[in-house]
Structures are given as structure tokens and as C-alpha cells.
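Q: 68 is the number of the first residue of the sequence shown in my numbering; add one for each residue after it.
Even glycine gets a Cβ: it sits at the ideal position worked out from N, Cα and C.
All values reported here derive from a predicted model rather than from experimental measurement.
First the structure, which I've put down as C-alpha cells, then a few questions once you've had a look.
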Amino acid sequence: MSQPAPATNWTVIFVLGGPGAGKGTQCARLTKHYPVCHFSIGDMMRAETLKPASPYAELIHANILEGRVGPPAMAVGMLKTAMEEKYREEGETAFIIDGFPRRIEQAPLFATTICEPAAVLFLDCAEDVQAKRLAGRRATSGRVDDAARTIPKRFNVFREMTMPVVEYYTAQNKVVQVDASKDRSAVYREVQTGLGSILKTLGMKIEDSDSDSENT
Numbered sequence: 068m069s070q071p072a073p074a075t076n077w078t079v080i081f082v083l084g085g086p087g088a089g090k091g092t093q094c095a096r097l098t099k100h101y102p103v104c105h106f107s108i109g110d111m112m113r114a115e116t117l118k119p120a121s122p123y124a125e126l127i128h129a130n131i132l133e134g135r136v137g138p139p140a141m142a143v144g145m146l147k148t149a150m151e152e153k154y155r156e157e158g159e160t161a162f163i164i165d166g167f168p169r170r171i172e173q174a175p176l177f178a179t180t181i182c183e184p185a186a187v188l189f190l191d192c193a194e195d196v197q198a199k200r201l202a203g204r205r206a207t208s209g210r211v212d213d214a215a216r217t218i219p220k221r222f223n224v225f226r227e228m229t230m231p232v233v234e235y236y237t238a239q240n241k242v243v244q245v246d247a248s249k250d251r252s253a254v255y256r257e258v259q260t261g262l263g264s265i266l267k268t269l270g271m272k273i274e275d276s277d278s279d280s281e282n283t
């Protein structure tokens, strides 16, 4: 019999920011230095489109092409399954989830289905900076949603649907806002400072938090 998820014992940090804000880069650094499990809702959705038997594949593929956000229950259900699996198999209790919640309806649904987030990291980045980063990434990423025609739609979706999520959590004093227009190492130092109390509770995996210098 599978164990139920001990949601009250889990630590969850959401990471929000527009396309190209550096969510994946900062999450990769956090998972390198702290005992946290990283889920990217975007990566999960893209992986789902490659599963022939998935009932969501066609819908997700269409949403990616149009820069749309899918039904709230779909994303929350996928996350719940993945998180419970990590808990059962590896004992994971601390999670960083990037690109989620993407719409306001997902926030309370996640809270009632799984748990409340401990914090929400908001990587605030100017759209012109994000656009330059995406242009540089486009040639190597192979991602359908990095196509030039899709980028403006993704910016619009973030402004119209995800910024209200940031405001929702700001009202709950859960948002840690970082200027993500800076270079990646500077951003990471601000992330560590902003999430300091939570990261201190988790403890570090290694001491040299600035040993990597990747730019992705």
C-alpha cells in the first residue's frame, strides 16, 4: 500500500518569472547546493506530449504552440503524482517548483490538494532582457515554445494570468522578489539571501555556493 503524502511536513517553494527570466538556471543552482527536489511544470508538460498513451498529450501540445495555460486540475494532478512518487521512493520532502502556479485558480487548488507553499520566488526581469535570452537559447533548445512567433504570446500570458498569482501571494507576504535582469551569479546571491531562513532550515549540501558559473 502506498504511503499518503505528509503534506504538512513538506517544504514547497514556487518559482515564478516570465519566459527567459532564468527560472531553470536558478533552480539548478539551488538543487546543486541544497537538498531540494526540482520540478519544472514546463518540462513536465513537454515530456507528457511525448507519451503516446497520455490523454493530455494533444491538448498540451496545442497549448504550448499557442502559449496557453491548460486546465488547473491537470497541472496540479501531475505535480501531486510526481511529488508523492519522489517522497515514496527517495524520501523527498522539500520541493522547488518552477513555472507554477501559472494561473490564479491553480494556487488554492494546490493548497487544498497538496499544501501551502513556504515561499514564492519571483524573478522579476525586463521583457527586453528576456527576449534577448530567448533569442540566444532558440538555436540550441529545440523547444517549440521558444519559436519567435510564440514568444509574444508567452509574455502576454505571463502578464495577464501569472502576475495575478504573484499579487495573490504578495498579499500573503510569501513573495521574495529578485531583480533577475542581472547576471546569473548576482541573481543567485540575491535568491540565497531572500530565501535565507528557509534554506538555512534545509541546510546546505556543499559549501562553495559560487563554484559554478554556467550561463543558461
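1) Quick one: measure Cβ to Cβ for Ala142 and Ile108, integer angstroms, because I've assumed they're closer than 8 angstroms.
2) Between Ile171 and Lys147, is the Cβ-Cβ spacing less than 8 angstroms?
3) Can you find the residues in the same chain that come closer than 6 angstroms, C-beta to C-beta, to Glu159, ignoring five residues on each side of it along the sequence?
4) Spatial neighbours of Phe189 within its chain, please: C-beta separation below 6 angstroms, excluding the five flanking residues on both sides.
5) I want to know whether the stretch 91-99 touches the stretch 250-257 - three or more CB-CB distances under 8 angstroms.
6) So if DSSP puts Val82 in a beta bridge, which residue, or which two residues, is it bridged to?
7) At what residue ranges does the stretch 94-127 contain a whole run of the alpha helix (DSSP H), taking only runs of 4 or more?
8) In the DSSP assignment, find the unbroken beta strand (DSSP E) run with Gln321 in it and report its ends.
9) Roughly how many whole angstroms lie between the Cα atoms of Pro102 and Ile80?
10) If you follow the alpha helix (DSSP H) that Pro139 is in, where does it begin and where does it stop?
11) Whose CA, out of Asp165, Tyr123, Ala247 and Lys99, lies closest to the CA of Asp271?
12) Under the three-state reduction of DSSP, which class applies to Asp250: helix, strand or coil?
13) Three-state secondary structure (DSSP) at Leu266?
14) Would Cys192 pass as a contact of Gly261 if the rule is Cβ separation under 8 angstroms?
15) Just tell me which of Trp77, Ile127, Gln197 and Pro119 has its CA closest to the CA of Asp110.
16) From which residue to which residue does the alpha helix (DSSP H) around Asn223 run?
17) How big is the Cα-Cα spacing for Ala129 and Ser264?
18) Is the beta carbon of Thr78 closer than 8 angstroms to that of Ala185?
19) Please report the residue range of the alpha helix (DSSP H) in which Ala174 lies.
A: Short version:
1) 6 angstroms
2) no
3) Cys104 and Lys153
4) Contacts found: Leu83, Val233, Val242 and Gln244.
5) yes
6) DSSP, once it has assigned bridges, lists Asp165 and Leu188 as partnering Val82.
7) Listed in chain order, they are 108-115.
8) No answer is possible for residue 321: the residues shown for the chain start at 68 and end at 283.
9) 13 angstroms
10) Pro139 to Glu157
11) Reading off the sequence shown, one finds Met at residue 271, where the question assumed Asp. Of the candidates Asp165, Tyr123, Ala247 and Lys99, the one whose C-alpha sits nearest the C-alpha of Met271 is Lys99.
12) Asp250 falls in the coil class under three-state DSSP.
13) helix
14) For Cys192 and Gly261, no; Cβs fall outside 8 angstroms.
15) Ile127
16) Ile218 to Val224
17) 40 angstroms
18) yes
19) Gln173 to Thr180
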